[in-house]
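One gets the numbering used here by counting positions in the sequence shown from 1 and adding 10 to each. For each residue, glycine too, the CB sits at the ideal point set by N, CA and C. This report concerns only the one structure given below.
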Amino acid sequence: MGKVKADVSNKNILLVVSGGISAYKAVELARLLVKGGANVKVIMTEAGERFVSSLTFRTVTGNPVVVSMWAEPSSPFPHISLSRDADLIVVAPATANILAKMTCGIADDLATTTLLSARCPIVVAPAMNLRMYSNFATQRNLRILAENGVIFAGPEEGELACGEEGAGRMCEPPQILEVIKREISLIENLSQKTIMVTAGPTREYVDPVRFISNPSSGRMGFAVADRAARRGAKVYLVSGPVDLPVPPGTIVSRVTTAEDIKREVMDKLDEVDALVMAAAVSDFKPSFSEAKKIKKGGGVPKLELEPAEDILKLV
11 MGKVKADVSN KNILLVVSGG ISAYKAVELA RLLVKGGANV KVIMTEAGER
61 FVSSLTFRTV TGNPVVVSMW AEPSSPFPHI SLSRDADLIV VAPATANILA
111 KMTCGIADDL ATTTLLSARC PIVVAPAMNL RMYSNFATQR NLRILAENGV
161 IFAGPEEGEL ACGEEGAGRM CEPPQILEVI KREISLIENL SQKTIMVTAG
211 PTREYVDPVR FISNPSSGRM GFAVADRAAR RGAKVYLVSG PVDLPVPPGT
261 IVSRVTTAED IKREVMDKLD EVDALVMAAA VSDFKPSFSE AKKIKKGGGV
311 PKLELEPAED ILKLV
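Have a look at this one:
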């Protein structure tokens, strides 16, 4: 990976340290971030504290280290304040356990509760034994997290703490720093901009149960919306009927017909700096839609079509 021409100065980075032997590398990562000018706060899991003391991170970052949800009485909602103030969260090491909790939305300590409430980009640096990494459950969790917008730094292949060789080794801190810098540069790129993205198919109904449509998956529009949100834009996502996870940080309007998309686009058009029309909008629609299901006993119905309004031309 080439060096990213970006820095972390004046950025609020929240470092989550979970319980793995690679926790010692997180100390160096914290040092590199502080050296780059970042304000680094650290959450440690109770297991993480068994590998590296919280005092070490406090000394390196100059900030208090939080382990328990109940540690700071003056802040009744630490999971909200910590995630809200962060420009980016990095989980290093990210054990198989914390990745599984993130996938399932489990929030049983301060670290996982903070991750569940986060709206900023999350970078994870997986670190575990080869057998745990290759397990079907872990591989499934990694896929789901990636689909939900989590960014991965590694893991690498090499000698593991157990003495075995293979995938699961945590990336070195300079490599993780480059991933963080890349994501920070993307956040800044479209800040203060508002973008609308349309995605997926439309359905034009013949009767209450039959419609004309197309097999658009919506993946293109969702990917564009995800990237725009990661780059700091306010994103309106207008989506036809699809089965995709909502990109974090987007404002979604679920629609069905071409007329629905037109209404959403025209209502918000004056608010946006850019419009990306990635939806597969129907070119034609039935001239008339029956109020009740057409009975097959009446023979093949005559289907008359008319052009749907060209939304892009209207815009």
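Query	Result
Reference Glu182; option with closest CA among Val234, Ala156 and Ala102	Ala102
Pairwise C-alpha distance: Asp17 and Glu188	9 Å
Uninterrupted alpha helix (DSSP H) stretches inside the segment 102-131 (no shorter than 4 residues)	106-114 and 120-127
From Ala57, Leu322, Val219 and Asn49, residue whose alpha carbon lies closest to that of Ser32	Ala57
Range covered by the alpha helix (DSSP H) that runs through Glu157	Phe146 to Glu157
Of the listed residues Ser292, Met230 and Glu193, nearest to Val160 (C-alpha basis)	Glu193
Beta strand (DSSP E) segments (min. 3 residues) lying fully within the segment 193-233	204-209, 214-217 and 220-222
Proximity of Thr124 and Leu155 at Cβ, strictly below 8 Å	no
Range of the contiguous alpha helix (DSSP H) that encloses Val70	Ser64 to Thr71
Per-residue DSSP class, three states only, for Glu59	helix
Euclidean distance between Cα positions of Ala243 and Pro257	13 Å
Collapsed DSSP secondary structure at Val248 in the structure displayed	strand
For Pro225 and Pro74, the rounded distance between their alpha carbons	52 Å
Reduced DSSP category for Glu166 - H, G, I as helix; E, B as strand; rest coil	strand
Limits of the unbroken beta strand (DSSP E) element including Ala33	Not the beta strand (DSSP E): Ala33 falls in the alpha helix (DSSP H), residues Ala33 to Lys45.
Val275 and Thr212 closer than 8 Å at C-beta	no
Exposure label - Pro83; buried when at least 16 CB within 10 Å	Any reading at Pro83 is ruled out, since the residue's pLDDT is 47, under 50, leaving its predicted position unreliable.
Met276 (DSSP reduced to helix, strand or coil)	helix
Rounded separation between Asp253 and Pro296 - CA only	25 Å
Beta-carbon separation (whole angstroms), Thr260 vs Leu247, contact threshold 8 Å	5 Å
Leu324 beta carbon less than 8 Å from that of Val216	no
Close Cβ partners of Glu166 (< 7 Å) along its chain, the five nearest in sequence each way excluded	Arg179 and Cys181
Proximal residues to Ala288 (C-beta, below 7 Å), its chain only, five neighbours per side dropped	Val207, Thr208, Ala209, Met230, Gly231 and Val234
Own chain, CB closer than 6 Å to Leu42, minus 5 neighbours either side, in chain order	Pro183 and Leu187
Selection from Arg220, Val27, Arg129 and Asp97 that minimises the alpha carbon distance to Leu120	Val27
Three-state class that DSSP yields for Leu98 in the structure shown	strand
Glu214 versus Leu322 - alpha carbon distance	18 Å
Asp236 classed as buried or exposed, judged by whether at least 16 other C-beta atoms fall within 10 angstroms	buried
Glu188, DSSP secondary structure in three states	helix
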